[in-house]
Amino acid sequence: MSLPHKFLENRGGILYVDGVSAIELADKFDTPIYVLIENRIRENYRRLRDALLRRYDRVRVYYSAKANTNLAVLRILESEGAYLDAVSPGEVFLALKAGFKPERILFTGTSVRNDEIRFLVDSGVTINIDSLSQLRRLLSIHVPEILSVRVNPEVGAGHHEHVITAGRNSKFGIWEADVLEAYRIALEAGVRRFGIHMHIGSGILSIEPFLLAAEKLLKIAGQIRSRLGIKFDFIDFGGGLGVPYRPGEKPLDVEAFADSMLSLFKSMVKEYDLGEPFFCVEPGRYIVCDASILLTRVNTVKVTPFKKFIGVDAGFNLLIRPAMYGAYHHIIVANKLDDVEKEVYDVAGPLCESGDILAKDRLLPEVHEGDLLAILNAGAYGFAMSSQYNSRPRCAEVLVKDGRYAVVRERENLEDLLRGQILPDWLKS
Ligand code: LLP
Numbered sequence: 001m002s003l004p005h006k007f008l009e010n011r012g013g014i015l016y017v018d019g020v021s022a023i024e025l026a027d028k029f030d031t032p033i034y035v036l037i038e039n040r041i042r043e044n045y046r047r048l049r050d051a052l053l054r055r056y057d058r059v060r061v062y063y064s065a066k067a068n069t070n071l072a073v074l075r076i077l078e079s080e081g082a083y084l085d086a087v088s089p090g091e092v093f094l095a096l097k098a099g100f101k102p103e104r105i106l107f108t109g110t111s112v113r114n115d116e117i118r119f120l121v122d123s124g125v126t127i128n129i130d131s132l133s134q135l136r137r138l139l140s141i142h143v144p145e146i147l148s149v150r151v152n153p154e155v156g157a158g159h160h161e162h163v164i165t166a167g168r169n170s171k172f173g174i175w176e177a178d179v180l181e182a183y184r185i186a187l188e189a190g191v192r193r194f195g196i197h198m199h200i201g202s203g204i205l206s207i208e209p210f211l212l213a214a215e216k217l218l219k220i221a222g223q224i225r226s227r228l229g230i231k232f233d234f235i236d237f238g239g240g241l242g243v244p245y246r247p248g249e250k251p252l253d254v255e256a257f258a259d260s261m262l263s264l265f266k267s268m269v270k271e272y273d274l275g276e277p278f279f280c281v282e283p284g285r286y287i288v289c290d291a292s293i294l295l296t297r298v299n300t301v302k303v304t305p306f307k308k309f310i311g312v313d314a315g316f317n318l319l320i321r322p323a324m325y326g327a328y329h330h331i332i333v334a335n336k337l338d339d340v341e342k343e344v345y346d347v348a349g350p351l352c353e354s355g356d357i358l359a360k361d362r363l364l365p366e367v368h369e370g371d372l373l374a375i376l377n378a379g380a381y382g383f384a385m386s387s388q389y390n391s392r393p394r395c396a397e398v399l400v401k402d403g404r405y406a407v408v409r410e411r412e413n414l415e416d417l418l419r420g421q422i423l424p425d426w427l428k429s
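With the numbering used here, the residue at position 397 of the sequence shown is 397, and numbering never jumps.
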């Protein structure tokens, strides 16, 4: 049984998470529970930042908060000096609470309301506009000192159709034909400093799509430079850096990514005389995905004439990726790491939907009621996409570091299901 990184260890058949027994955590805090690994978050962030910084000294890594907005995660990345990519006023609010200075926050929304624009302006964050309509509405409220434009570079990629965010069918970004117009309007209104941005999709394990799209973005930046005289404070190539979910799957080569992206960047910035822009990326998954596991207890083992099901206490209420994208999450039996894998099971959640299956046809050790499963790579878009579906309170989150641990989000209780609900007079007896 090989474990994906050094913070997950097999000690005598038991899973340890940065020095803490998974069984101890499950017994102490109950299941289901997300376990976050602080040291791995820092390591992932630094690996990427350093690979870029070794090749260019004006680099910014914006953590894409949507992957995981736990306040502790945001604090960790703030303390690393990260910047932050926010997509909603809620994410801006949380990032500010975590200590990010507004200047370090870039807001990239789509279909943004006027009251949200006002909130962003009042917060002092940098706004990355997604449509001409949003730009005009922003300028009628406030003319910012600095502004960025999200471009659709016409090249999209991603692990599933739902997460491809550029190209013909995408609702995101401004098409080339309108980009010049966007900068012209902003310039005429008095905006003085500019960024340019793209984000092509999520879960991308090869470098080619990034390069193709980056080349297109830099060409567009060159046109804006030559037609409008604009130089850029920053050029943001978005997130999307993938991570392996299956054992044996090859990780994205981050050194090769940094090498090819930065040589393209440096040569085109020079060719088009774009100034001395910051090179920016905004990864979410890459930083937090393998820094968290979801621990879930086995309630039932059910054998039918066709299948063996393991019924656990977490379902798509807590991890929707398998149901929503058919995503693979590796599962191990945290209290049986040394046992021979000899049975094939489907791992099913407690929700009343046939789609509530976390894993299909998995080879695992023989599993019994009370065993503890660990669902790996649960740190990105796990808790962040959770819900109270089937009226199941959301689970707790615990952070571990060097053998220590602390609860960083309490488990919800039944009372939380009532929160905000009001019966009208005529239904009160
Ligand atoms: N920047 C922008 C503008 C984005 O829309 C996203 C993700 C990111 C950065 C970060 O992408 P990442 O580095 O994490 O791939 N729920 C899906 C992923 C949706 C991603 C949406 N946008 C999943 O679970 O696979």
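We treat Cβ as the ideally placed atom computed from N, Cα and C, and that holds for glycine.
Length of the line joining the Cα atoms of residue 407 and residue 397:
6 Å
Own chain, CB closer than 7 Å to residue 21, minus 5 neighbours either side, in chain order:
14
Give the single residue among 332, 349, 238, 393 whose Cα lies nearest to the Cα of residue 363.
332
Indicate the three-state DSSP secondary structure (helix, strand or coil) for residue 384 in the structure shown.
helix
Enumerate in chain order the residues of its own chain whose CB-to-CB distance from residue 384 is below 7 Å, with the five nearest sequence positions on each side excluded.
66, 67, 68, 69
Does ligand 1 have a heavy atom nearer than 7 Å to the CB of residue 95?
no
How would you call residue 52, buried or exposed, if buried means at least 16 neighbouring beta carbons within 10 angstroms?
When all chains shown are included, residue 52 counts as buried.
Residue closest to residue 77, alpha-carbon to alpha-carbon, out of 39, 111, 56
39
Continuous beta strand (DSSP E) stretch holding residue 309: start and end:
Per DSSP, residue 309 belongs to the beta strand (DSSP E) from 308–312.
Quick one, are the C-beta atoms of residue 403 and residue 109 less than 8 Å apart?
In this structure, residue 403 sits away from residue 109, with a CB-CB distance that is not shorter than 8 Å.
Which one or two residues does DSSP pair with residue 147 in a beta bridge?
Per DSSP, the beta-bridge partners of residue 147 are 127, 194.
So does the stretch 258–265 actually touch the stretch 172–184, counting three or more Cβ pairs closer than 8 Å?
Contact check between the stretch 258–265 and the stretch 172–184: fewer than three CB pairs, one atom from each, fall below 8 Å, which does not count as touching.
Using 8 Å for Cβ pairs, my map puts residue 312 next to residue 373. What's the rounded Cβ distance?
Between residue 312 and residue 373 a beta carbon distance of about 6 Å is seen, short of the 8 Å cut, so the two are scored as contacting.
Per DSSP, which residues does residue 316 bridge with? Please list them.
In DSSP, residue 316 forms no bridge with anything.
Specify the secondary structure class of residue 107 as computed by DSSP and reduced to three states.
strand
Could you give the distance in angstroms between the alpha-carbon of residue 193 and the alpha-carbon of residue 160?
35 Å
For residue 326, which of helix, strand or coil comes out of DSSP?
coil
Out of curiosity, what's the CA-to-CA distance linking residue 376 and residue 205?
18 Å
Within 10 angstroms of the Cβ of residue 128, are there 16 or more other Cβ atoms? Answer buried if so, exposed if not.
buried
CA nearest to the CA of residue 359, picked from 349, 274, 282, 257
349
So residue 198 packs on residue 166, CB below 8 Å; how close in whole Å?
7 Å
When the Cβ atoms of the stretch 246–255 are set against those of the stretch 332–346, are three or more pairs found closer than 8 Å?
no
For residue 114, tell me which candidate among 234, 365, 139 has the shortest Cα-Cα distance.
Comparing Cα-Cα distances from residue 114 to each of 234, 365, 139, the minimum goes to 139.
Check: residue 67 C-beta below 7 Å from any heavy atom of ligand 1:
For ligand 1, at least one heavy atom lies less than 7 Å from the Cβ of residue 67.
What first and last residue would you give for the beta strand (DSSP E) that runs through residue 331?
331–333
Sorry if obvious, but does the Cβ on residue 283 come closer than 7 Å to a heavy atom of ligand 1?
yes
Helix, strand or coil at residue 177 according to DSSP, with G and I counted as helix
Here residue 177 sits in helix by DSSP.
Range covered by the beta strand (DSSP E) that runs through residue 337:
Run containing residue 337: none; DSSP gives neither H nor E here.
Cα separation between residue 241 and residue 203?
6 Å
Going by beta-carbon coordinates alone, are residue 245 and residue 380 separated by less than 8 Å?
Taking 8 Å as the Cβ cut-off, residue 245 and residue 380 do not qualify as a contacting pair.
Best match in 286, 227, 297, 255 for proximity to residue 273 [C-alpha to C-alpha]
227
Give the DSSP-derived three-state secondary structure of residue 237 in the structure shown.
coil
If you draw a straight line from the C-alpha of residue 378 to the C-alpha of residue 17, how long is it?
14 Å
Given residue 146 as reference, the closest of 276, 117, 233, 95 once Cα atoms are compared:
Considering only alpha carbons, the answer is 233.
Could you name the residues that DSSP lists as bridge partners for residue 292?
36
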